[in-house]
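Enquirer: For reference, the structure I am asking about is given below.
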Amino acid sequence: MRSDLIFGALTHVKNRYKLCQLASKATRKLHKPNTRVQDTANEVFDRFKDTVPMDTAAESSLEALSGSERRAA
Numbered sequence: 001m002r003s004d005l006i007f008g009a010l011t012h013v014k015n016r017y018k019l020c021q022l023a024s025k026a027t028r029k030l031h032k033p034n035t036r037v038q039d040t041a042n043e044v045f046d047r048f049k050d051t052v053p054m055d056t057a058a059e060s061s062l063e064a065l066s067g068s069e070r071r072a073a
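For the sequence shown, the residue numbers in the numbering used here are 1 to 73.
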C-alpha cells in the first residue's frame, strides 16, 4: 500500500511538506508515457524508502558556505 511506502520514506525525510515536494518533482522527472502516474509515484516512494534523498552533508556544507558569505559581506 502507498501508506507503507510513505511511512518508509518518512524515515529519511522528516518534514512531510519536503517529502511531498521531493516526491512530486521526482514523479514528474521519472514518469514515462503510457504508464500510470500512480505507479510512478509508488516507485518514487519506494526509492525514497531505500535511499536517502536528502544528503545531510551537502546541506551542512551549503549552510556553512552561506554563513561564510554573510560574514565576508
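Beta carbons are placed, not taken as given, at the ideal position from N, Cα and C, and that holds for glycine.
R28 by DSSP, collapsed to three states: which one?
Expert: Looking at R28 - three-state DSSP - the assignment turns out to be helix.
Enquirer: Over what stretch of residues does the alpha helix (DSSP H) that includes L10 continue unbroken?
Expert: It is not in any alpha helix (DSSP H) - L10 carries neither H nor E in the DSSP assignment.
Enquirer: Is it right to say F7 is buried, meaning 16 or more other beta carbons lie within 10 angstroms of its own, or is it exposed?
Expert: With fewer than 16 Cβ atoms within 10 Å of its Cβ, F7 is classed as exposed.
Enquirer: Roughly how many angstroms lie between the CA atoms of V44 and A26, to the nearest whole one?
Expert: Each residue's alpha carbon lies about 7 Å from the other.
Enquirer: Counting along the chain, where does the alpha helix (DSSP H) carrying T40 start and finish?
Expert: Element bounds for T40: V37 to D50.
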